[in-house]
Amino acid sequence: MGAKRGLLLAAGIVLLGPIALALALILLIASLGDSGGFNASAAGGGLKVGKGGVPAQYAGLVQAAADSCKEGLPASILAAQLSAESGFDPTASSRANAKGIAQFIDSTWATEGVDGNGDGKKDVWDPADAIPAQGKMMCDLLRQFKKHPDYNGSPIELALAAYNAGPYAVERVKGIPQNGETPGYVADIIRESKNFAAADGGGGSFTDGQQSWKLNNPRSVDEAIAWAKAHAGDGSSSGWYNRCLAFTAIVYGWNVSGVQYAIDHYGVVPKEMQHTDRNPPPGALMYWDTGSRAGHIAIYLGQGKIVSNDILRQGYIDVVDADAIEKKWGAKYVGWTPPYFPNAG
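Letter 180 of the sequence shown, counting from 1, is numbered 180 in UniProt numbering, and no numbers are missing.
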């Protein structure tokens, strides 16, 4: 798929409500006019719209495509993908005969094309048809690769790779095909997606809260953070694949957490210790719904950073931005708790 690709054989397309969509677009365009740019919250839903962002006439389509996906597909990823594919040009074509704003080839469009605007036609050149098709295809790919935590790459990265090189190419190597094009395609879209997100998009940044808990872990917060940093990056050993909860317990000096799944640990912590804001104190445990049964947990280090496994390197521990879980994995932030391990031993 795409301006230089043609291998995608992926899944079906969703129909969007044409009347509601048309009204939304009319209101959006009327509110923008020819002004520079703004951070849309209602109309754009977390997208930067206008100058330097998503063209106003496509913002509603992109956001609707993202919202229709229940797998956690960021609208900013779809926007960055359209920018990479065609530069938002609905008349774009490639030497591989890929067409339109989302760069479908004929064989893919023949089976996956959709009449997104209800005009009776499935038109690859019409963004109102092509953008819903792109969104549904990416959603289906994201769902598919969430079932393969053993593959090398996050579900979002693998979905992008499959859009570019085809799902079978991804399945064959159990990761991103090293074909001279796809790795750069994926990395560029992930990197550029932040430029299409509104300032408050993706939930916003994380800032340090004030610590007020008194706990009896084997290690104090300062000791735990120092230990975690020492065992991250160059100091990390392998063997941490899919062991995020185990790592957090060990950081605080426990042998085991006593809970099977990371996301379930949020539930065993007393409700008065559960917080949904984005202001965790350093040392807090942070939780995400990744769409898989296990979810994800990490330790907040402060200044917008977490220490976590599998983010930069599969099976290794690294220090990364706290919002990387949302941006890279398309996960939903659940909240934070103090580092309380009621079932640990």
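Quick reminder that beta carbons are idealized off the backbone N, C-alpha and C, glycines included.
query = Closest to P338 by CA distance: which of W213, A169, D140 and T276 is it?
reply = The residue you call residue 338 lines up with position 338 of the sequence shown. Checked all of W213, A169, D140 and T276; the closest Cα to P338 is W213.
key: Straight-line gap, L160 to P218 (C-alpha atoms, nearest Å)   = Along the sequence shown, read from residue 1 onward, the residue named residue 160 stands at position 160. Along the sequence shown, read from residue 1 onward, the residue named residue 218 stands at position 218. Roughly 43 Å separates the two Cα atoms.
inquiry  = Once DSSP output is grouped into helix, strand and coil, what is the label at H148?
reply    = Locating residue 148 in the sequence shown gives position 148, where the first residue counts as 1. Three-state DSSP puts H148 in coil, outside helix and strand.
query = Apart from the five residues on each side of it in sequence, which residues of its chain come closer than 8 Å, Cβ to Cβ, to S193?
reply = Locating residue 193 in the sequence shown gives position 193, where the first residue counts as 1. Within the same chain, S193 has close Cβ partners P74, S76, I77, A79, A80 and K327.
task = Give a yes or no on whether the C-beta atoms belonging to G295 and A322 are separated by under 8 Å.
result = Against the sequence shown, residue 295 aligns to sequence position 295. Against the sequence shown, residue 322 aligns to sequence position 322. Not closer than 8 Å, so no.
query = Can you tell me whether E71 is buried or exposed, with buried defined as 16 or more other CB within 10 angstroms of its CB?
reply = Mapped onto the sequence shown, residue 71 falls at position 71. It is buried - the Cβ of E71 has at least 16 other Cβ atoms within 10 Å.
query = Since V251 is in the alpha helix (DSSP H), which residue starts that stretch and which ends it?
reply = One-based indexing of the sequence shown puts residue 251 at position 251. Counting along the chain, the alpha helix (DSSP H) containing V251 begins and ends at C244 to V251.
message = Does D234 come out as helix, strand or coil in the three-state DSSP assignment?
response = On the sequence shown, residue 234 is found 234 positions in, with the first residue counted as 1. Reduced to three states, the DSSP call for D234 is helix.
request  = Please find out if some non-hydrogen atom of the ligand ATP comes closer than 7 Å to the beta-carbon of T207.
outcome  = Only the bare structure without any ligand can be found here, which leaves the ligand ATP out of the picture.
ask   = Where does the unbroken beta strand (DSSP E) through V268 begin, and where does it stop?
value = As a first step, residue 268 must be located in the sequence shown, where it is residue number 268. Premise fails: V268 lies in the alpha helix (DSSP H), A262 to V268, not in any beta strand (DSSP E).
query = Going by beta carbon distance, what residues of the same chain come within less than 7 Å of W329, once the five residues before and after it are set aside?
reply = As a working mapping, residue 329 is identified with position 329 in the sequence shown. These residues qualify, in order along the chain: S154, P155, I156 and T290.
ask   = Roughly how many angstroms lie between the CA atoms of S68 and N216, to the nearest whole one?
value = Along the sequence shown, read from residue 1 onward, the residue named residue 68 stands at position 68. Along the sequence shown, read from residue 1 onward, the residue named residue 216 stands at position 216. Their backbone Cα atoms lie some 45 Å apart in a straight line.
key: Exposure of D310, with buried meaning 16 or more beta-carbon neighbours within 10 Å   = The sequence position of residue 310 within the sequence shown is 310, counting from 1. The residue in question, D310, is buried, as its Cβ has 16 or more Cβ neighbours within 10 Å.
key: the region 140-150 in contact with the region 105-117 per 3-pair CB rule at 8 Å   = no
query = Quick one: what's got a C-beta closer than 6 Å to C139's C-beta in the same chain, skipping five residues either side?
reply = Mapped onto the sequence shown, residue 139 falls at position 139. So the list reads C69, E71 and L73, once near-sequence residues are dropped.
C-alpha distance - Q211 paired with P281, whole-angstrom precision = For the purposes of this step, residue 211 is taken as the residue at position 211 of the sequence shown. For the purposes of this step, residue 281 is taken as the residue at position 281 of the sequence shown. The alpha-carbon atoms of Q211 and P281 are separated by roughly 5 Å.
task = Look up D321 in the DSSP assignment and say whether it is helix, strand or coil.
result = In the sequence shown, counting from the first residue as 1, residue 321 sits at position 321. If DSSP states are grouped into helix, strand and coil, D321 belongs with the strands.
Anticipated Cβ contact below 8 Å, G233 with D106, distance rounded = In the sequence shown, counting from the first residue as 1, residue 233 sits at position 233. In the sequence shown, counting from the first residue as 1, residue 106 sits at position 106. Not quite, the Cβ-Cβ distance comes to about 47 Å (not below 8 Å), so this is no contact.
task = For G116, count neighbouring Cβ atoms within 10 angstroms of its own Cβ and tell me buried if that reaches 16, exposed if not.
result = As a first step, residue 116 must be located in the sequence shown, where it is residue number 116. Buried, because 16 or more other Cβ atoms sit within 10 Å of the Cβ of G116.
request  = Could you have a look at Y168 and say whether DSSP puts it in helix, strand or coil?
outcome  = Here residue 168 refers to the residue found at position 168 of the sequence shown. Correct three-state label for Y168: helix.
task = Out of K51, L82, Y300 and G52, point me to the one whose CA is closest to V62's CA.
result = For this step, residue 62 is matched to residue 62 along the sequence shown. Checking every option, the nearest Cα to that of V62 belongs to L82.
query = Residue range of the alpha helix (DSSP H) that W336 falls in?
reply = Within the sequence shown, residue 336 is the residue found at index 336, counting from 1. Taken as a continuous stretch (DSSP letters only), W336 belongs to no alpha helix (DSSP H), being part of the beta strand (DSSP E) at K332 to T337.
ask   = Near T207, which residues of its chain fall below 8 Å by C-beta distance, leaving aside the five closest residues on each side in sequence?
value = Along the sequence shown, read from residue 1 onward, the residue named residue 207 stands at position 207. Only R278, N279 and G304 meet the Cβ criterion.
request  = Please state whether DSSP places F104 in a helix, a strand or coil.
outcome  = Here residue 104 refers to the residue found at position 104 when the sequence shown is read from its first residue. Here F104 sits in strand by DSSP.
ask   = According to the neighbour-count rule (16 or more other Cβ atoms, all chains shown, within 10 Å of its Cβ), is A236 buried or exposed?
value = On the sequence shown, position 236 is the one that residue 236 refers to. Looking at the sequence itself, residue 236 is Ser, so the reference to Ala does not match. Looking at its Cβ environment, which holds 16 or more other Cβ atoms inside 10 Å, S236 is buried.
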